[in-house]
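Peer 1:
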Amino acid sequence: MSETASISLNGKSYELPVITGTENEQGIDISKLRDVSGAITVDPGYKNTGATKSAITFLDGEVGILRYRGYPIEQLAEQSTFLEVAYLLIYGELPSSETLLDFRKKISRHTLIHEDMKKFFDGFPSKSHPMGQLSCLVGALSAFYPESLNPNPSEEEENLTIIKLLAKMPTIVSWIYKKSLGHPVIYPRNELNYVHNFLNMTFGQITEDISIDKSIVSAMHKLLILHADHEQNCSTSTVRIVGSSNANLYASISAGISALWGPLHGGANQAVIEMLENIKNDGGNSAKWLAKAKDKNDPFRLMGFGHRVYKNFDPRAKIIKEACDEVLEKLGINDPVLNIAKELEEAALKDQYFVDRKLYPNVDFYSGIIYRALGFPTDMFTVLFALGRLPGWIAQWKEMKANKEPIGRPRQIYTGSTTRDYVPLDQR
Ligand code: ACO
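Residue numbers (UniProt numbering): 1 to 428.
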């Protein structure tokens with residue numbers, strides 16, 4: 001007999017079905033609760049609420065497990081490429097070499113962006129934040145590809161929109177960077193692989209060809225793979241909920257980019273480096289900053305620490321920390337903020353405040369140090385996160401549509417005034 005859970009309310013008892021996932025996670029299905037009892041559930045921040053059933057990513061925060069479509073993140077980061085992982089997330093299986101080649105070829109045919117899009121770049125003030133530009137430019141793609149507005153496309157049409165977005169994102173990201181420098185943009189080169197092409201458009205010069213070290217390309221693959229999906233987080237839930245209104249893919253991803261921007265989410269990678277710089281400029285006293293993070297009257301938090309789901313360790317942080325050491329050694333960089341980061345991490349992991357609250361370094365704690373070593377300015381870090389997360393957002397949007405999920409529309413408990421009569425202006 002299948003398991004049920006019961007709720008007693010106002011002297012009545014209600015039996016609710018229990019759903020069990022393939023990893024034996026259990027959820028109480030309350031989808032009929034309001035119909036039968038009149039009551040809703042309240043869960044600020046959705047800490048206990050499953051919004052969907054999903055077959056894309058599994059993570060177990062208690063033991064630090066992360067898998068895409070069943071494959072452990074450690075194996076993918078070590079052995080796969082970003083485009084292969086993108087295919088896996090979006091279409092559900094690892095591609096054969098023929099399928100991967102075809103996927104690559106299709107993407108390389110769509111890497112250019114409409115020349116009129118350059119006018120947007122010209123319109124942004126030179127100091128505007130890259131995330132604001134990215135969100136705007138991705139949303140603007142819908143204007144150039146109006147066929148994407150069709151809420152019921154054929155499979156072929158939907159795939160073309162997906163391919164176009166995957167193809168154009170690296171071009172948009174690298175051009176945002178070029179424009180911030182006042183440099184001419186570099187056009188995509190179809191003979192280069194996805195990640196190499198992105199690095200070439202970002203660090204290449206119109207005046208000469210550059211060669212990018214293999215180890216740098218490989219570190220970038222790893223970083224993007226580690227960011228590629230993370231189940232129902234803030235930005236992904238945003239993508240799904242916006243898409244649930246039948247908004248097009250570009251609009252849904254643009255909304256996800258905005259959600260990612262905040263320092264409590266993807267924006268933490270920028271905030272971590274700014275914090276480490278502040279600590280360095282303040283004399284490098286990590287104990288003082290640790291005390292600030294613990295002080296409830298001080299809004300300061302240790303950026304790059306803590307996670308809504310990981311309560312043991314973030315497996316991505318572990319891989320990134322190793323990659324960080326490798327990249328710094330390869331490039332011969334001795335970054336003083338790395339020492340502060342290591343000192344802070346060590347002190348926090350021993351500190352009772354952090355131990356009690358199960359606060360560990362998250363993916364963002366070390367990623368900024370690698371990005372900096374590779375030559376990216378701080379305000380580009382979250383954009384790189386978005387570039388990595390794109391396949392995950394697309395996969396989740398596609399799954400939401402395939403499942404025919406209803407429009408996302410939470411309820412509320414109203415706490416405002418009860419009914420009262422309007423008072424004309426001259427009597428107030
Ligand atoms: N520094 C100091 N204290 C912290 C931190 C931190 N980084 N994170 C959580 N806490 C404390 C809270 O003050 C709270 O303490 P209390 O119980 O005494 O009130 C307790 O730990 C629980 O924290 P919540 O904010 O309730 O946990 P929540 O799950 O809502 O937040 C979050 C998770 C947003 C990631 C939080 O840990 C945080 O702000 N971290 C810093 C920002 C960051 O690194 N974000 C990136 C997350 S990873 C990602 O999105 C890619």
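Backbone N, C-alpha and C fix where the C-beta goes; we use that ideal spot for every residue, glycine too. Since the model is a prediction, treat every value here as computed from it, not as a measurement.
1. Report yes or no: do three or more beta-carbon pairs, one from the region 307 to 314 and one from the region 395 to 405, lie closer than 8 angstroms?
2. By the DSSP assignment, the beta strand (DSSP E) with V18 in it spans what residues?
3. DSSP on I107, reduced to helix/strand/coil?
4. Report the CB separation of G27 from G50 in whole angstroms; it is logged as a contact under 8 angstroms.
5. Figure out for me which residue from Y194, S154 and E157 has the closest Cα to the Cα of V173.
6. Going by beta-carbon coordinates alone, are A386 and L89 separated by less than 8 angstroms?
7. Thinking C-beta only, is I340 closer than 8 angstroms to G284?
8. To which residues of the same chain is I413 closer than 8 angstroms at the C-beta, ignoring the five residues directly before and after it?
9. Quick one: what does DSSP say G27 is sitting in, helix, strand or coil?
10. Tell me which same chain residues have a C-beta within less than 6 angstroms of the C-beta of L166, skipping the five on either side of it?
11. Per DSSP, S8 is paired with what?
12. Is P361 helix, strand or coil when you go by DSSP?
13. Which complete alpha helix (DSSP H) runs does the region 281 to 314 hold, if anything under 4 residues is left out?
14. Going by CA-CA distance only, name the one from V355, I212, V18 and W393 that's closest to M169.
15. Tell me whether the beta-carbon of L290 lies closer than 8 angstroms to the beta-carbon of D351.
16. Measuring from the CB of D351, is there a heavy atom of the ligand ACO at a distance below 7 angstroms?
17. Using the beta-carbon count (16 or more within 10 Å), is F300 buried or exposed?
18. Just mark I210 as buried or exposed, buried being the case when its beta carbon has 16 or more other beta carbons within 10 Å.
19. Are the beta-carbon atoms belonging to I162 and E399 less than 8 angstroms from one another?
20. What does a CB cutoff of less than 8 angstroms around E74 pick up in its chain, not counting 5 residues either side in sequence?
21. Could you name the residues that DSSP lists as bridge partners for D60?
22. From the DSSP output, in three-state form, read off G72 for me.
23. Using a Cβ-Cβ cut-off of 6 angstroms (strictly less than) and excluding sequence neighbours within five positions of L344, which residues of its own chain qualify?
24. For a test of the three-state rule: what should DSSP assign to Q232, helix, strand or coil?
25. DSSP on E208, reduced to helix/strand/coil?
26. Check whether the Cβ of L141 lies closer than 7 angstroms to any heavy atom of the ligand ACO, and answer yes or no.
27. Go ahead and pull the three-state DSSP assignment for V355.
28. Let me make sure I understand the geometry here. Which of E346, S244, S258 and L359 has the alpha-carbon closest to that of R409?
29. Looking at L302 and the ligand ACO, is the gap between the Cβ and the nearest heavy atom below 7 angstroms?
30. What's the C-alpha gap between P263 and R372?
31. Let me make sure I understand the geometry here. Which of H183, L94 and Q270 has the alpha-carbon closest to that of M131?
32. Which one of R109, C324 and A140 has the shortest CA to CA distance from D116?
33. Apart from the five residues just before and just after P146, which ones in its own chain have a Cβ nearer than 7 angstroms to its Cβ?
Peer 2: Reading it off the structure:
1. Contact between the region 307 to 314 and the region 395 to 405 is absent: fewer than three C-beta pairs spanning the two stretches fall below 8 angstroms.
2. First-last of the beta strand (DSSP E) with V18: K12 to T20.
3. I107 falls in the helix class under three-state DSSP.
4. Going by Cβ atoms, the distance from G27 to G50 rounds to 5 angstroms, so yes, they are a contact pair.
5. With respect to the C-alpha of V173, the residue from Y194, S154 and E157 having the closest C-alpha is Y194.
6. No, these two residues do not count as a Cβ contact at 8 angstroms.
7. Yes, they are a contact pair.
8. Correct list, in chain order: I40 and V42.
9. Residue state for G27 is assigned as strand, using DSSP reduced to three classes.
10. Taken in chain order, the residues that qualify are I107.
11. In the DSSP assignment, S8 is bridged to S13.
12. The DSSP-derived three-state label of P361 is strand.
13. For the region 281 to 314, whole alpha helix (DSSP H) runs of length 4 or above, ordered along the chain, are 286 to 294.
14. It is W393 whose Cα lies nearest to the Cα of M169.
15. Taking a C-beta distance under 8 angstroms as the contact criterion, L290 and D351 qualify as a contact pair.
16. D351 has its CB no nearer than 7 angstroms to any heavy atom of the ligand ACO.
17. Exposed, since its Cβ has fewer than 16 Cβ neighbours within 10 Å.
18. So I210 ends up on the exposed side.
19. Not a contact, by the Cβ cut-off of 8 angstroms.
20. These residues qualify, in order along the chain: P315 and I319.
21. I65, per the DSSP bridge assignment.
22. Reading the sequence as shown, one finds Pro at residue 72 and not Gly. DSSP places P72 in strand when its eight states are reduced to three.
23. Excluding positions up to five away in sequence, the list reads S286.
24. Q232 falls in the coil class under three-state DSSP.
25. When DSSP states are grouped into helix, strand and coil, E208 belongs to the strand group.
26. No heavy atom of the ligand ACO is found nearer than 7 angstroms to the CB of L141.
27. Helix at V355.
28. Of the candidates E346, S244, S258 and L359, the one whose C-alpha sits nearest the C-alpha of R409 is S244.
29. L302 Cβ: within cutoff of the ligand ACO.
30. C-alpha separation (whole angstroms): 18 angstroms.
31. Of all alpha-carbon atoms in H183, L94 and Q270, the one lying nearest the alpha-carbon of M131 is that of Q270.
32. Closest in alpha carbon position to D116, among R109, C324 and A140, is A140.
33. Within the same chain, and ignoring the five residues on either side of P146 in sequence, no residue has its Cβ closer than 7 angstroms to its Cβ.
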